[in-house]
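A short write-up of the structure that comes next.
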Amino acid sequence: MDYIPDDNSRYKDVDYWDERYKTEQCYDWLGCFSKFKHILEKHVKKEDSILILGCGNSSMSSDMYRAGYHSITNIDYSAVCISAMSARYSDCPGMTWHQMDVRRLSFPDTSFDVILEKATLDAFMVEGKTPWEVSPQTACFIQQALTEISRCLKPGGRFVSITFAQPFFRKRLYARTEYNWSVKHHTYGEGFQYFVYVMTKGEELSPEDAALEKKLLKDTKAPLTGIATAQNEDKEDFLSNIDL
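In UniProt numbering, the protein residues as written are 1 to 244.
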């Protein structure tokens with residue numbers, strides 16, 4: 001089956017994903033767990049309570065479970081996905097699955113040590129024609145999601161975001177004092193690099209990131225956020241040919 005949507009904006013639509021998940025068994029955006037395991041091990045402990053946003057049909061949750069991370073909560077806004085994945089991994093005690101919107105997380109404050117997303121936020125930023133331009137609707141969506149993520153993190157908790165977006169663009173999104181976290185990043189991949197951003201709740205922004213935020217807030221014409229566009233928007237994966 002061809003999973004390429006007729007328009008990239010469909011990557012935001014739950015109906016597109018429901019149809020895709022009815023037949024597609026597994027797909028890992030930005031590569032599988034083994035590609036960035038060495039980075040996660042530096043920031044995620046085996047005993048941490050972990051929330052995975054937009055889990056999709058990726059093998060990441062099960063790969064992490066087999067690696068010793070046994071307190072994993074998965075959410076996705078596709079009911080088809082959650083039904084299939086909860087049945088597939090029903091033999092994994094401690095791993096749960098919930099249909100949920102990342103903008104309205106139904107968890108109490110400070111619930112998780114780690115919140116992890118891989119290409120989930122990217123999928124909601126597909127309508128921008130350039131890295132510099134983001135619609136007000138998209139900017140609002142991202143702000144709502146990040147506010148919820150910060151709320152649900154424990155003090156000292158980490159938000160780990162895996163994406164193809166370079167720091168020049170993604171730090172405009174993450175380096176905000178309102179979220180009460182610091183921002184650091186790592187890279188992985190051969191040939192084409194991907195980025196792992198680690199935000200630690202309760203830590204201050206670096207002087208460089210604080211200066212960036214101040215500049216953006218002063219410049220009313222600057223976009224609040226942005227991501228690198230795909231190298232070939234007509235190919236499967238607007239996420240820039242992300243198979244590793």
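By construction, the Cβ of each residue, glycine as well, lies at the ideal position given by its N, Cα and C atoms.
* **H186 versus A67, I162, F168 and S58, residue with shortest Cα-Cα distance** => Against the sequence shown, residue 186 aligns to sequence position 186. Closest option to H186, judged by alpha-carbon separation, among A67, I162, F168 and S58: I162.
* Asked: From what residue to what residue does the alpha helix (DSSP H) around S34 run?
  -> Locating residue 34 in the sequence shown gives position 34, counting from the first residue. It spans F33 to H43 - the alpha helix (DSSP H) in which S34 sits, taken as one unbroken run.
* Asked: For I50 versus I72, is the C-beta spacing smaller than 8 Å?
  -> In the sequence shown, counting from the first residue as 1, residue 50 sits at position 50. In the sequence shown, counting from the first residue as 1, residue 72 sits at position 72. Their beta carbons are under 8 Å apart, which means I50 touches I72 by this criterion.
* From what residue to what residue does the alpha helix (DSSP H) around Y174 run? -> Start at 1 with the first residue of the sequence shown, and residue 174 comes out as number 174. Annotation for Y174: the continuous alpha helix (DSSP H) segment containing it runs P167 to Y174.
* Top-ranked residue by Cα proximity to R20, from E133, V80 and S61 -> Your numbering for residue 20 matches position 20 in the sequence shown. Taking each of E133, V80 and S61 in turn and checking the Cα distance to R20, the smallest one comes out for V80.
* So is E190 buried or exposed if we call it buried at 16+ other beta carbons inside 10 Å? -> As a position in the sequence shown, residue 190 is number 190, starting the count at 1. Exposed.
* Asked: Any idea what DSSP makes of E148, helix, strand or coil?
  -> Translated into positions along the sequence shown, residue 148 becomes position 148. In the structure shown, E148 sits in a helix (DSSP, three-state: H, G or I).
* With respect to the beta strand (DSSP E) encompassing D113, which residues constitute its N-terminal and C-terminal limits? -> Here the question's residue 113 lines up with position 113 in the sequence shown. Under the DSSP assignment, D113 falls in the beta strand (DSSP E) whose first and last residues are F112 to K118.
* Residue range of the beta strand (DSSP E) that includes S161 -> Mapped onto the sequence shown, residue 161 falls at position 161. DSSP places S161 inside the beta strand (DSSP E), whose first and last residues are L153 to T163.
* Asked: Would you report the Cα separation of M95 and H70, rounded to the nearest angstrom?
  -> Stepping through the sequence shown from its first residue, residue 95 is reached at position 95. Stepping through the sequence shown from its first residue, residue 70 is reached at position 70. C-alpha of M95 to C-alpha of H70: approximately 7 Å in a straight line.
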